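Peer 1: In order, the protein sequence lines correspond to chains A and B.
Everything in the first sequence is counted per numbering that gives the first Met the number 0, starting at 0 for the first residue and increasing by one.
Everything in the second sequence is counted per numbering that gives the first Met the number 0, starting at 0 for the first residue and increasing by one.
For each residue, glycine too, the CB sits at the ideal point set by N, CA and C.
Please read all numbers here as calculations on a predicted model, not as lab measurements.
This is the structure I have questions about; it appears just below.
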Amino acid sequence: MTLLSQNISVLAVILPLMAAPICVLLRHSSLAWAWATAISGITFVLSIGLLQQIMENGTLVYKMGDWDGPWGIVYRIDEVGALVVMIVAAIAAVALPYAKLSIEREIPKERHYLVYCMFLLCIAGLIGMAVTGDAFNLFVFLEVSSLSSYVLISLGNDRRALTASLRYLIIGTLGATFYVIGLGMIYMMTGSLNMTDLATLLPEVQNTRTIQVAFAFVIIGFGLKLALFPLHVWLPNAYTYAPSAVTAFLAATATKVSVYAMIRLIYTVFGDVDPFETYGIRGVMIALALLGMFAGSTLAIYQTNVKRLLAYSSIAQVGYMVLGISIGNAIALEGGIIHMFNHALMKGGLFMAMGCVFYIIGSTELKDMAGMGKRMPLTAAAIVAGGFSLIGTPLTVGFISKFYLVQGALAEGWWPIAFMIMLASLLAVIYVWKVVEVMYFQKPADGDLSYNEAPLAMLIPTYVLIGAAVYFGIDATLTSEISLNAAQSLLGGSK
Amino acid sequence: MTAETLVLLAMGIPLIGGVFVLFSGPASENVRDGLTVITSIILFGVVWQLIQIVDAGGRPTITLLEMIPGLSLTLSLEPLGMIFAGVASFLWILTSFYAFGYMRGHHETNQTRFFFCFAIAIMSALGIAFSGNMLTLFVFYEVLTISTFPLVTHSGTDEARRAGRVYLGILLGTSVTFLLTAMIWTYVEAGTLDFQKGGILEGNAPAGVIAILFGLYIYGIGKAALMPFHRWLPAAMVAPTPVSALLHAVAVVKAGVFSVVKVSVFIFGLDTLRDTGASTWLAYVAAATILLSSLIAMRKDNLKARLAYSTISQLSYVVLGAMLASNIGAMGSTLHIVMHAFGKITLFFCAGAIIVFAHKTEISDMRGLGRKMPITFFCFFVASLSIIGLPPLGGVWSKWYIALAAAETDQIIFIAVLMISSLLNIAYLMPIVLYGYFGKEKPADTHSHGDDHDHHHAPPSHPMLKHLTFGRPGIIAEAPVMCLAPIVLTTIGCFVLFFYADRIRLFLTPVFGG
């Protein structure tokens, strides 16, 4: 067991990475699916082990190939990293069983192996981003996950999926390129790429124009990837036209990992520089976060396609996370981190429910969902529960996130921001209730109210996520404890 | 059986009953209705025992679960909460009987969903009554809003949908924007959300912050229907009358004003309110609400709308009593919760009977109706006297104590407000009774009514639904026994409460002093 526990952090990356090409060899759709599901299950177990280890022993440092940092690539996982790894692995482990029927419905059979191969690559890339302690390695895994997600999105059965994927490719590559430019400047000034090493080297050069520009580049780079307003334009189309299982997975993981990367940059790499104070960007970040919250929620209200509505809602939710990061005290940061977890559950569950809807009626337009309350009561109930979580009703995870974020804002004395968080939740009431009214109060065009529910294989994963969204809203002690530890160790500086 | 177990039972019984209703409903109507009645009776039995325990000085407390580190969902019983719990659980029994008569007489659909949501709503009302800290109160407050939404929009028509939007919009809007903010702010300032006698903010926050917080709380509790956030109440009248009767005369609105009193006494403390003057401006808002809504009530021809505005006015009595920041005033408020509940539920029961069995919704169509439904109109008359505040009905005592509090705190203007309000109550309630008994019937046909469903004239089969026709065969007759019995019982309740008020006052001494 010692071998396992020593190498657990790298195993979580290597396993899906090595397993991905095997999907290509296993051409057959069901075999590829079974293989991918098994691997994701094992990765999930590994991620739990990793989290437990971190909770007990503190930050884990792993040297690749036993080369010492800062020249060798070092993996460094603290609480927030372990939490993110677990989020990715958990969502993958739930999404892959769900994906079998959903992918069969939406994608031609001869392409299924590609889907599962790219899925595994994406998982590897995202987990790699979360475990690495080297800034360039971060870029490598960023590109691995991005490239695989471009392919995944393009496989959607709507013709617009290709264009959406291309747009995401261009904007995403822009983001990655910005990051690597910034990183290059940092390397030039400090000579190091290791995150903890940079933390000690950067304060000396923090006021040079090069580093200031570099900081701007890296933040904008990740801002593009996490869909910070106004850098979000790729997201609505990408989420709407991608296959349902892909949207469920990406919506729940990709933006979260980019938020994590931003946290890592601000609080660890530039931790001793304290960029909010030194570069004065707190106001800008908070403003952009609030704009994202309101723009995302308002635009969601006017959507006629429910997947697109949820996509705009995601932009708003990312705003909440960035707000938590920017307010800067432990409670707000805890709120931002716990919202990464909570949103993954909510949105993953909601997009899975939408996948169930598409499976039965072949459309995700709101008007086609009339009478869903009678036709697909379980799916409709899942959507209602997820909607309540978006609003932030107590007994759902959304309430917990909001509680901490508002507490953080009020602890700083910024009650206007607290109010704005509440007002944005009210906007969520409007767009959630739009969907609820159509599902429960309208009759479908053909008048057919017969029961035709999605298959269990799709409903169960949906309810696992929605159920978790309710469970962790009722008993948030575990997630709160993890997030608080994470926030405190981040604010304590980089060690 | 320990007190704690009883508390858990009290919360669990409506929930389990509701689930049984959900499963038995599609199978057998009678089983489902029987289950509802049995559940309500057992529940009241448990609540009554808890009242005895609290009366003897017990304060059972349970922590249900820890939600966030440091904040739990806790139930902690004390006299104020038990009053609300007792009223809600007792009247649920009567409403269940009334609802059978009404829903079957009205041939309503989706009755299973109806009774299930009712049970959940009662459970949340009890959760509010038993709450031991503000977080618990908030959680059950929101559950109450959401569980009553399907009840308000029961008929599924466009009108119901629009009303549902107003209902949810105002209640969720106020609770999320004001109440939740106030709650979290309190937590930041005081470090706890527990209800404690004398409040938790004393010394923890500057006076200005206390004043703002108090305003946020009171407006955040939208269920108290304080103007300008009162529109949800008349909108909710689109619901079937049993809903209007129990929820919007008893459970939902009483949850609102109960929360107002509870927050005033246990989060802020009446002394703190007096010292900081945080409640004074709100007393004037309450007074304005009392008078304005009474004036609006006078102009409404639709009976349920008139009763809705009357409710808004009466709720502000409770708010006013608490805003006077005196023990007598808050005690008067609590008494009024009981008196108004019995009085208003009677009025709504009568209104429902008139709608279903006489097919009349507008007051101007009800001339002479009293001669055909004499018992119903007599009960309406007695309940109106209680609302107006005349002896020997219970309503006189609550008004008395609030007026006394106004005098004690040197705010005489509110005594004037109470008197004018009583006169206005006479003006909008008495004509209904007088025209009912002595008015000349309109020559128009008996099918002039405001409701737009088609009615089936086949007589209902259940023996308890047979109409009492007083020897005069005809389409319009007195309400059936299943509806009439609850009406008569609540009317007798109004009378009994006149003599029982002092016992209630004694029960509340631990909270409000001698």
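On the three-state DSSP scale, how would you describe B:Ile220?
Peer 2: As a first step, residue 220 of chain B is located in the second sequence; it is residue number 221 there, counting from the start. Coil at B:Ile220, not helix or strand.
Peer 1: What do you reckon, are the CB atoms on B:Thr35 and B:Val20 nearer than 8 angstroms?
Peer 2: Residue mapping note: residue 35 of chain B aligns to position 36 of the second sequence, counting from 1. Residue mapping note: residue 20 of chain B aligns to position 21 of the second sequence, counting from 1. Going by C-beta atoms, B:Thr35 is nearer than 8 angstroms to B:Val20.
Peer 1: CA-CA distance, B:Ala357 and B:Ala244?
Peer 2: Walking along the second sequence from the start, residue 357 of chain B turns up at place 358. Walking along the second sequence from the start, residue 244 of chain B turns up at place 245. Whole-angstrom Cα-Cα distance: 18 angstroms.
Peer 1: Residues in the segment 368-389 of chain A with C-beta within 9 angstroms of chain B's C-beta atoms, listed in sequence order?
Peer 2: Listed by position, the residues of the segment 368-389 of chain A near chain B (Cβ gap below 9 angstroms) are Phe387.
Peer 1: What span of residues does the beta strand (DSSP E) with B:Ser75 cover, start to end?
Peer 2: In the second sequence, counting from the first residue as 1, residue 75 of chain B sits at position 76. Leu70 to Ser75 is the extent of the beta strand (DSSP E) around B:Ser75.
Peer 1: Residue range of the alpha helix (DSSP H) that B:Thr191 falls in?
Peer 2: The residue labelled residue 191 of chain B in the question sits at position 192 within the second sequence. B:Thr191 -> no alpha helix (DSSP H), and no H or E assigned at all.
Peer 1: Taking just the CA atoms, how far does B:Val318 sit from B:Val256?
Peer 2: The residue given as residue 256 of chain B occupies position 257 in the second sequence. The residue given as residue 318 of chain B occupies position 319 in the second sequence. Using only the alpha carbons, I get a separation of about 6 angstroms.
Peer 1: Can you list, in chain order, the residues of its chain with a C-beta nearer than 7 angstroms to that of B:Gln195? Leave out the 5 residues immediately preceding and following it.
Peer 2: As a working mapping, residue 195 of chain B is identified with position 196 in the second sequence. Answer for B:Gln195: Phe265, listed in chain order.
Peer 1: Would B:Trp184 pass as an interface residue toward chain A - the criterion being a Cβ-Cβ separation below 8 angstroms?
Peer 2: Position 185 of the second sequence, counted from the start, is the residue given in the question as residue 184 of chain B. It does; some Cβ of chain A falls within 8 angstroms.
Peer 1: Taking the alpha-carbon positions, what's the B:Cys482 to A:Ile382 distance?
Peer 2: In the second sequence, the residue the question calls residue 482 of chain B occupies position 483. In the first sequence, the residue the question calls residue 382 of chain A occupies position 383. Taking the straight line from one Cα to the other gives about 39 angstroms.
Peer 1: Any idea what DSSP makes of A:Thr131, helix, strand or coil?
Peer 2: As a first step, residue 131 of chain A is located in the first sequence; it is residue number 132 there, counting from the start. Strand at A:Thr131.
Peer 1: What three-state label does DSSP hand A:Glu55 in the structure shown?
Peer 2: For the purposes of this step, residue 55 of chain A is taken as the residue at position 56 of the first sequence. Reduced to three states, the DSSP call for A:Glu55 is helix.
Peer 1: Who does A:Arg75 pair with in a DSSP beta bridge?
Peer 2: By one-based count along the first sequence, residue 75 of chain A stands at place 76. Answer by DSSP bridge pairing, in chain order: A:Val60.
Peer 1: Between B:Glu141 and chain A, is the shortest Cβ-Cβ distance under 8 angstroms, so that the two count as touching?
Peer 2: Within the second sequence, the letter at position 142 stands for residue 141 of chain B. Cβ-Cβ to chain A under 8 angstroms: yes for B:Glu141.
Peer 1: So B:Glu28 is in the alpha helix (DSSP H); what residue range does that whole segment cover?
Peer 2: Translated into the one-based positions of the second sequence, residue 28 of chain B becomes position 29. Looking at the DSSP string, the run of the alpha helix (DSSP H) that includes B:Glu28 is Glu28 to Asp54.
Peer 1: Spatial neighbours of A:Leu3 within its chain, please: C-beta separation below 7 angstroms, excluding the five flanking residues on both sides.
Peer 2: In the first sequence, residue 3 of chain A corresponds to position 4, counting from 1. Excluding residues within five positions, none has a Cβ falling inside 7 angstroms.
Peer 1: Report the three-state DSSP secondary structure of A:Asn328 (helix, strand or coil).
Peer 2: Translated into the one-based positions of the first sequence, residue 328 of chain A becomes position 329. Three-state DSSP puts A:Asn328 in coil, outside helix and strand.
Peer 1: Under DSSP, the alpha helix (DSSP H) around A:Thr246 begins and ends at which residues?
Peer 2: Walking along the first sequence from the start, residue 246 of chain A turns up at place 247. Counting along the chain, the alpha helix (DSSP H) containing A:Thr246 begins and ends at Ser243 to Ile262.
Peer 1: Taking DSSP as the reference, what is the three-state secondary structure of B:Glu201?
Peer 2: In the second sequence, residue 201 of chain B corresponds to position 202, counting from 1. Three-state DSSP puts B:Glu201 in coil, outside helix and strand.
Peer 1: Could you say if the segment 424-431 of chain A and the segment 347-363 of chain A meet the contact criterion of at least three C-beta pairs nearer than 8 angstroms?
Peer 2: No, the segment 424-431 of chain A does not touch the segment 347-363 of chain A.
Peer 1: How would you call A:Pro20, buried or exposed, if buried means at least 16 neighbouring beta carbons within 10 angstroms?
Peer 2: As a first step, residue 20 of chain A is located in the first sequence; it is residue number 21 there, counting from the start. A:Pro20 is exposed by the Cβ-count criterion.
Peer 1: Using a Cβ-Cβ distance under 8 angstroms, would B:Gly24 count as near chain A?
Peer 2: Within the second sequence, the letter at position 25 stands for residue 24 of chain B. It does not: the Cβ of B:Gly24 has no partner Cβ on chain A nearer than 8 angstroms.
Peer 1: With C-beta atoms as the reference, is A:Ala123 less than 8 angstroms away from A:Phe248?
Peer 2: Residue mapping note: residue 123 of chain A aligns to position 124 of the first sequence, counting from 1. Residue mapping note: residue 248 of chain A aligns to position 249 of the first sequence, counting from 1. No, the Cβ-Cβ distance between A:Ala123 and A:Phe248 is not below 8 angstroms.
Peer 1: Identify, in the order they occur along the chain, each residue of the same chain with its Cβ nearer than 6 angstroms to the Cβ of B:Arg471, setting aside the five sequence neighbours on each side.
Peer 2: Indexing the second sequence from 1 puts residue 471 of chain B at position 472. Below a pLDDT of 50, predicted positions are generally treated as unreliable, and B:Arg471, at 45, falls in that range; the measurement from the model is reported next regardless. Taken in chain order, the list of residues that qualify is empty.
Peer 1: Below 8 angstroms, can you find three or more Cβ-Cβ pairs linking the segment 109-123 of chain A to the segment 24-36 of chain A?
Peer 2: The segment 109-123 of chain A is in contact with the segment 24-36 of chain A.
Peer 1: Within the segment 157-202 of chain A, note down every full alpha helix (DSSP H) run reaching 4 residues or more, in order along the chain.
Peer 2: You should have 159-189.
Peer 1: Starting from B:Ala64, find everything on chain A with Cβ-Cβ shorter than 7 angstroms and list it in chain order.
Peer 2: As a working mapping, residue 64 of chain B is identified with position 65 in the second sequence. Rather than Ala, the amino acid found at residue 64 of chain B in this sequence is Leu. Residues of chain A passing the Cβ test: Ile473 and Asp474.
Peer 1: Going by Cα to Cα distance, which pick from A:Ala253, A:Lys346, A:Phe402 and A:Ile416 is closest to A:Ser148?
Peer 2: Counted from its first residue, the first sequence places residue 148 of chain A at position 149. If we check each option's Cα against that of A:Ser148, A:Ala253 comes out closest.
Peer 1: Assign B:Leu64 to one of three DSSP states: helix, strand, or coil.
Peer 2: The sequence position of residue 64 of chain B within the second sequence is 65, counting from 1. DSSP places B:Leu64 in strand when its eight states are reduced to three.
Peer 1: Taking only beta-carbon positions, decide if A:Phe418 is within less than 8 angstroms of chain B.
Peer 2: Within the first sequence, numbered from 1, the residue matching residue 418 of chain A stands at position 419. Chain B contact via Cβ: present.
Peer 1: Relative to the alpha-carbon of A:Ala453, which residue among A:Met320, A:Ile420, A:Val435 and A:Ile360 has its alpha-carbon at the smallest distance?
Peer 2: Mapped onto the first sequence, residue 453 of chain A falls at position 454. Ranking A:Met320, A:Ile420, A:Val435 and A:Ile360 by Cα distance to A:Ala453 puts A:Ile360 first.
Peer 1: Give the interface partners of B:Pro68 over in chain A, defined as CB-CB distance under 8 angstroms, in chain order.
Peer 2: For the purposes of this step, residue 68 of chain B is taken as the residue at position 69 of the second sequence. Under the 8 angstroms cutoff, chain A gives Thr476, Ser479, Glu480 and Leu483.
Peer 1: Residues of chain A with CB under 8 angstroms from B:Thr147, in chain order?
Peer 2: In the second sequence, residue 147 of chain B corresponds to position 148, counting from 1. Residues of chain A passing the Cβ test: none, with the nearest at roughly 14 angstroms.
Peer 1: Taking 6 angstroms as the limit between beta carbons, can you name the residues of its chain near B:His461, skipping five residues before and five after?
Peer 2: Mapped onto the second sequence, residue 461 of chain B falls at position 462. Confidence in B:His461 is poor, its pLDDT being 49 and thus under 50, which makes the residue's placement too unreliable to answer from.
Peer 1: Could you tell me the distance, in whole angstroms, from the CA atom of B:Glu188 to the CA atom of B:Leu323?
Peer 2: Residue mapping note: residue 188 of chain B aligns to position 189 of the second sequence, counting from 1. Residue mapping note: residue 323 of chain B aligns to position 324 of the second sequence, counting from 1. Going from the Cα of B:Glu188 to the Cα of B:Leu323 covers about 25 angstroms.
Peer 1: Can you find a C-beta in chain B that's less than 8 angstroms from the C-beta of A:Val405?
Peer 2: On the first sequence, position 406 is the one that residue 405 of chain A refers to. Closer than 8 angstroms to some Cβ of chain B, the Cβ of A:Val405 qualifies, so yes.
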